[in-house]
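Protein chains in written order, with the numbering used here: chain A, 1 to 352; chain B, 1001 to 1320. Glycine is no exception: its CB is placed at the ideal position from the N, C-alpha and C atoms. If you're wondering where the values come from, they're calculated on a predicted model, not measured in any experiment.
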C-alpha cells in the first residue's frame, strides 16, 4: 500500500463578495470550493476534472497554499499545513510544487531561463553538487530542452517550450507532489501529447505524485490512475480511472463523458448521448441539496432537500464513490438519448 | 558544436532589444544628445565661465562705462552682443547673459532632477506598496493620493512655498539660498509623486495576479524578493517613461515659481527668473529674453521627445 502523502479534508474556499457604499462590506461569498475530501498517494497521478468555474484551479491553489482555506484541513505526510505561514511552510514548500496553465504568463519576461529555473534553488538555499547552473542545465535537458538555451529569455520560446521551462522550474526542488493546473490546455493539440508524455515519464522515473487538473477528459484518462469529477465546488464522483470512464454512476459524469468525441469510431458499443441545457448555477447561491439537480434529468424532490454524500453505490467497484440519490447504471451505453437542450432536440422545430 | 552556433545561442534580453530599438530611432537619439548637452552644460557651468572669463554676478555694465546707456540698456546692438559678451549683457545691471544662463540652467536642473528623483522613489515605494499589499493599505494610500491630487498644484506651490520658508527661517531674517533650493525641491516633491504612484499601483495590481508571481510564491519567495526580483524589473518601463516626462515639467514649474518670485531670488542665477526679468525689458531689448527662452523650449521639447522615444523603445506595439 503506497503512502497517502497529501490529504485534504473538508477543504473549503469562499471568496468574499464585497459591496455597499460608502464602506465596502461583505455581502456574499463565492463558494468556489465547498468541502471536498481528497487523498493523493505517493507516485500516483490524481486527475481532477470538471467544466470551467467548478473550482478545480482553486482546489489546486489551496493544495499548494497559494490561497488560504476558509475551512477544512490539509495534511502533507501527517503534517498539518492548513494555515502554516510562509516560514513554517518552508520545509514543505520544496516538496509541493506547481505547474501553471498559461505558459506565457507563468515565466517572468525579464529573467533568463537559467535564472527562472535556478531561482527556486536560490530561494530555498539549495546548493546541488556541481552548482546551481549545472543543475539548471541538467533540468533543462531532463525536460527536453537544449541546455545551451540557459541564457535565453522566455520570449524566444514557443508555448510548448515555455511549458517545459515551467516544468523544469517545478522540478528544481525535487518535489514529491506536483499540482499541475491545466498544464496543456493552452497548448496546441500536437504539443499537448508531448508535454503529457513528458509528465508521465517524470512521474514514472522520479516517482512524483501529480494532482492533474484538466477539463479535457481524454488527457486525464491518458495520465491519471484515479480521477475525481468536480461540479460547482464539490466532488461528485471519484474512483479508479477505468471505473470512472467505463462504469460512471453520477449523471454529471455520464454527461461529461458523452461530450467527449469518440476518436476511434470503431463501431463498438454505441455510446450514450446526453446534452445538458443551461449554465452552471452561480457559486454565490448554489442550489440546495444536490448541486447538479437544476440540470439533471432525474432530479426529484429529495434532490433539493437532502444533499447526497459521496458513498459507494451498489454495483460500484472498490474505491469508487459517487454523490447521487439515484445513481445511473454502471455503463456508458444507453438506449435512449437524453437531450435537455432545446436547440439540439431533433423533434423540436427549432433544432436541426 | 561549432563556435558560430554557440554564439548564436546567446539570447538577447528585453533590455538589449529595447536599446537596439532606441538606437534606430533618430529623433530619440538626437533628443538624447540635446538633453545630454544641457546636463553637460549644467555640470560644467563653473568650467565654462572660467574658460569664457566671466562670472554671472559681476555687473560689467555698471563697472565699465560705455556698455550701458543712460536708460540702462546695452549700447551695442542686439542686446549688447559682441565678441566679449556672446549672448549680450543684461539691461540695468549689465551682467553677462551667457554665464547667467549657464548657471541658471545649473540651478534649475539641480532642483528639477532632485525633485524628480525623490518623486520617482516615493512614487515607486508607495505605488508598489499599495498595489502589492492591497486591502486596507491600498484603500488608505489610494485616498491619500486622491487627497493630494485634489490640490490645485500651481496655486499650492505659490501658497505653500513661503509657508515652508517661514518654517525654516524666522520671519524678517534672510533665507539662505541653499534653504530656498531645499524648500523648492520639497514642495515639488510633496505634490509631484502621486501620478507615478497611482500608475504603478495599477501596474502592480495586474502583475501580481500573473502566474509567474504565484510561481515564485510556490517556491517560497519572500514578499521582498517578489517585489524586487519579479515585479520591479517589469516596472522599469513606466518608471523610466514617467521620469523622463516628469523632469521637463519640473523644470518649467520651477521656472514658473521663480518667475512669480517665490523661487530662487537674486543674486543666484536662475533660468526661470531670467524670463521674469526679460519680460520687463522685452519691448526695448528682446535679445535678453531670447536666449533663455530658446534654450528652455529646446530643452523641454527635446526631453519630451526623448520620453516618447523611450516609451516607443520599450513597447514597440504603441503607435502614435
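- A residue is called buried when at least 16 other Cβ atoms come within 10 angstroms of its Cβ; residue 231 of chain A meets this threshold and is buried.
- Residue 1212 of chain B has a beta carbon lying within less than 8 Å of a beta carbon in chain A.
- For residue 45 of chain A, there is no enclosing alpha helix (DSSP H); the enclosing beta strand (DSSP E) has its first and last residue at 45-49.
- Near chain A, meaning a CB-to-CB distance below 9 Å, no residue of the region 1108-1128 of chain B qualifies.
- About 15 Å separates the CB atoms of residue 315 of chain A and residue 240 of chain A; that is not less than 8 Å, and the two are not in contact.
- With respect to residue 99 of chain A, residue 166 of chain A sits close: the two C-beta atoms are nearer than 8 Å.
- Here the alpha carbon of residue 140 of chain A sits roughly 25 Å from the alpha carbon of residue 214 of chain A.
- Residue 14 of chain A carries a strand assignment under DSSP once its states are collapsed to helix, strand and coil.
- Rounded to the nearest angstrom, the gap between the Cα atoms of residue 243 of chain A and residue 317 of chain A is 7 Å.
- In the DSSP assignment, residue 1080 of chain B falls within the alpha helix (DSSP H) that extends over 1077-1080.
- For the region 1272-1283 of chain B, there are no residues whose beta carbon sits under 7 Å from a beta carbon of chain A.
- Between the region 1254-1274 of chain B and the region 1099-1116 of chain B there are three or more inter-stretch CB-CB distances shorter than 8 Å, so the stretches are counted as touching.
- Taking C-alpha positions only, residue 245 of chain A is separated from residue 193 of chain A by approximately 20 Å.
- Contact annotation: the region 1306-1316 of chain B touches the region 1010-1028 of chain B, with at least three C-beta pairs closer than 8 Å.
- Within the region 72-94 of chain A, those residues whose Cβ lies closer than 8 Å to any Cβ of chain B are, in chain order, 86, 89, 90, 93 and 94.
- Under the rule that a run must span 4 or more residues, the alpha helix (DSSP H) segments found entirely inside the region 27-92 of chain A read 56-63.
- Contact between residue 12 of chain A and residue 70 of chain A holds, with the beta-carbon distance rounding to 5 Å and staying under 8 Å.
- Shortest Cα-Cα distance from residue 1088 of chain B to any of B/1298, B/1296, B/1291 and B/1297 involves B/1291.
- Distances from the CA of residue 1253 of chain B to each of B/1270, B/1043 and B/1213 were compared; the closest alpha carbon is that of B/1270.
- Using a C-beta cut-off of 8 Å, the region 1141-1158 of chain B makes no contact with the region 18-37 of chain A, since fewer than three inter-stretch Cβ pairs fall below that distance.
- Residue-level contact by beta carbon fails for residue 1166 of chain B and chain A, as no gap is shorter than 8 Å.
- For residue 105 of chain A, the neighbours in chain B by C-beta distance under 7 Å run, in chain order, 1210, 1211 and 1212.
- As a beta-bridge residue in DSSP terms, residue 179 of chain A pairs with A/98 and A/211.
- Rounded to the nearest whole angstrom, the CA to CA distance from residue 121 of chain A to residue 1141 of chain B is 35 Å.
- Interface annotation, residue 1092 of chain B: not in contact with chain A, CB-CB separation never under 8 Å.
- Beta-bridge annotation (DSSP): residue 4 of chain A is paired with A/41.
- Around the CB of residue 1152 of chain B, fewer than 16 other CB atoms lie within 10 Å, so the residue is classed as exposed.
- Under a 10 Å Cβ-count criterion, residue 1224 of chain B is classified as exposed, with fewer than 16 other Cβ atoms of the shown protein chains found around its own Cβ.
- Following the DSSP letters along the chain, one finds residue 1269 of chain B in no beta strand (DSSP E), marked with neither H nor E.
- Residue state for residue 252 of chain A is assigned as helix, using DSSP reduced to three classes.
- Contact fails between the region 1039-1059 of chain B and the region 1068-1076 of chain B, because fewer than three Cβ pairs, one in each stretch, are under 8 Å apart.
- In the structure shown, residue 231 of chain A falls within a strand segment according to DSSP collapsed to helix, strand and coil.
- When A/155, A/48 and A/171 are compared, the shortest CA-CA separation from residue 222 of chain A is found for A/48.
- Per DSSP, reduced to three states, the secondary structure at residue 319 of chain A is coil, with no helix or strand assignment.
- Distance between residue 1038 of chain B and residue 128 of chain A, taken at the CA atoms: about 52 Å.
- Ranking A/311, A/61 and A/204 by CA distance to the CA of residue 236 of chain A puts A/311 first.
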